[in-house]
Amino acid sequence: MTQWNGLAITWLGHAAVHITTPQGTQILIDPFLEQNPKYPKDYKLPEKIDLLLLTHGHSDHIADAVSVAKKHHAQVVGIYELTSWLGSKGIENTVGMNLGGSYKYKDVVVSMVEARHSSSIQDGDKTLYAGDPAGFVIAAEGAPVLYHAGDTSLFSDMKLIKELYHPEVGMVPIGDHFTMGPKAGALAAEFLGLKTVLPIHYGTFPQLTGTPAELEEHLKGKGISVRAPKPGETLRES
Ligand code: NI
Ligand code: MN
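The numbering used here puts the first residue of the sequence shown at 30, with every later residue one more than the last.
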């Protein structure tokens, strides 16, 4: 088990996660804050967010992207079509990338990996093409490699993510209905070779019925631990 060395991961409800790297780089993934029923309302985001990572265009992942990017002076990283749309909303500091690519920022290398889902942007009464959905592998110096799956079903090419990046700690959706549920989430953790799973995308809405207890049940005897913090609670070790 790799030492965390100051790495901190805070789940903010749904798929929103705040990460501080050992060197202090601030990363926010999938900002769904104001309208997120599970967002810890008293949580204080850092004044400066270095990287704002967006997995796909659905509103439960990017609802607050424009406001957070502006207020916290964040560089926004996402698939090309999505960051282009943000550009049209006045966000200039964007990094548009695509599946299979990596982007280095200070002590962090962010790699964009496949996710099986749909992606579109609801812009007023228009539904816009947002490119493919994605997941992210986040490798920060001195920290275990992290993986945020975004919204996805189970797919066997998760084994390639293991082979290429060796993630240890995975943020994996388990809510069911719009993504995989706990049984598939457990198999995903195995395919990815994770040591620790932090379940996300559950309990936010009535349809998202999967629970960490079910995930744990399906992982019994597999040597993979489940860490399910409350929204706003920070993990500093596996
Ligand atoms: Ni989605
Ligand atoms: Mn979603």
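C-beta: ideal position from N, C-alpha, C; glycine also.
Original post:
How should residue 196 be labelled, buried or exposed, when 16 other C-beta atoms within 10 angstroms of its C-beta is the threshold for buried?
Top reply: The sequence position of residue 196 within the sequence shown is 167, counting from 1. Buried: at least 16 other Cβ atoms inside 10 Å.
Original post:
What's the C-alpha gap between residue 118 and residue 247?
Top reply: Position 89 of the sequence shown, counting from 1, holds the residue named residue 118. Position 218 of the sequence shown, counting from 1, holds the residue named residue 247. Cα to Cα, the separation comes out at about 43 Å.
**OP:** Check whether the Cβ of residue 180 sits closer than 7 Å to any heavy atom of ligand 1, and report yes or no.
**Re:** Residue 180 sits at position 151 when you count from the first residue of the sequence shown. Yes, ligand 1 has a heavy atom inside 7 Å of this Cβ.
Original post:
Which value, in whole angstroms, describes the spacing of the CA atoms of residue 93 and residue 132?
Top reply: Position 64 of the sequence shown, counting from 1, holds the residue named residue 93. Position 103 of the sequence shown, counting from 1, holds the residue named residue 132. Whole-angstrom Cα-Cα distance: 23 Å.
Subject >> Delimiting residues of the beta strand (DSSP E) encompassing residue 143 >> reply: Sequence index remark: in the sequence shown, residue 143 carries index 114 (1-based). Element bounds for residue 143: 137–143.
Original post:
Do you know whose CA, among 123, 198 and 161, lies nearest residue 32's CA?
Top reply: Indexing the sequence shown from 1 puts residue 32 at position 3. Answer by Cα proximity: 198.
Original post:
How about residue 264 and residue 38: are their beta carbons less than 8 Å apart?
Top reply: Working through the sequence shown from its first residue, we reach residue 264 at position 235. Working through the sequence shown from its first residue, we reach residue 38 at position 9. Cβ distance < 8 Å, so residue 264 and residue 38 count as in contact.
Original post:
DSSP state of residue 174, grouped into three classes?
Top reply: If you number the sequence shown from 1, residue 174 lands on position 145. Three-state DSSP puts residue 174 in coil, outside helix and strand.
Original post:
Can we count residue 286 as close to ligand 2, meaning its CB is less than 7 Å from some heavy atom?
Top reply: With the chain covering only 30 through 267, there is no way to say anything about residue 286.
**OP:** Starting from residue 200, follow its DSSP beta bridges and name the residues at the other end.
**Re:** By 1-based counting over the sequence shown, the position of residue 200 is 171. For residue 200, which the question treats as bridged, DSSP gives the partners 177 and 227.
Subject >> Whole-angstrom C-beta distance between residue 144 and residue 271, which should lie under 8 Å >> reply: Outside the shown range of the chain (30 to 267) lies residue 271, about which nothing can therefore be said.
**OP:** With a floor of 3 residues, list each beta strand (DSSP E) that falls wholly inside the stretch 32–118, ordered by position along the chain.
**Re:** 37–40, 46–49, 55–58, 80–82 and 104–108
Original post:
Rounded to the nearest angstrom, how far is the Cβ of residue 80 from that of residue 172, given a contact under 8 Å?
Top reply: Here residue 80 is taken as the residue at index 51 of the sequence shown, counted from 1. Here residue 172 is taken as the residue at index 143 of the sequence shown, counted from 1. Residue 80 to residue 172, Cβ: 14 Å. No contact.
Original post:
Using CA coordinates, which residue listed in 267, 245 and 205 is at the minimum distance from residue 43?
Top reply: The count along the sequence shown starts at 1 and reaches residue 43 at position 14. Of the candidates 267, 245 and 205, the one whose C-alpha sits nearest the C-alpha of residue 43 is 205.
Subject >> Three CB pairs or more closer than 8 Å across the stretch 64–72 and the stretch 134–149 >> reply: no
**OP:** Inspect the CB distances between the stretch 81–92 and the stretch 149–165 and report whether three or more fall short of 8 Å.
**Re:** yes
**OP:** Please confirm whether any heavy atom of ligand 1 lies closer than 7 Å to the CB of residue 220.
**Re:** Within the sequence shown, residue 220 is the residue found at index 191, counting from 1. Residue 220 Cβ: outside cutoff for every heavy atom of ligand 1.
Original post:
How would you label residue 177, buried or exposed, when you count the other beta carbons within 10 angstroms and need 16 or more for buried?
Top reply: Mapped onto the sequence shown, residue 177 falls at position 148. Burial call: buried.
Original post:
Leaving out five residues before and five after residue 156 in sequence, what residues of the same chain have Cβ atoms less than 8 Å from its Cβ?
Top reply: Numbered from its first residue, the sequence shown carries residue 156 at position 127. The answer, listed in chain order, is 149 and 150.
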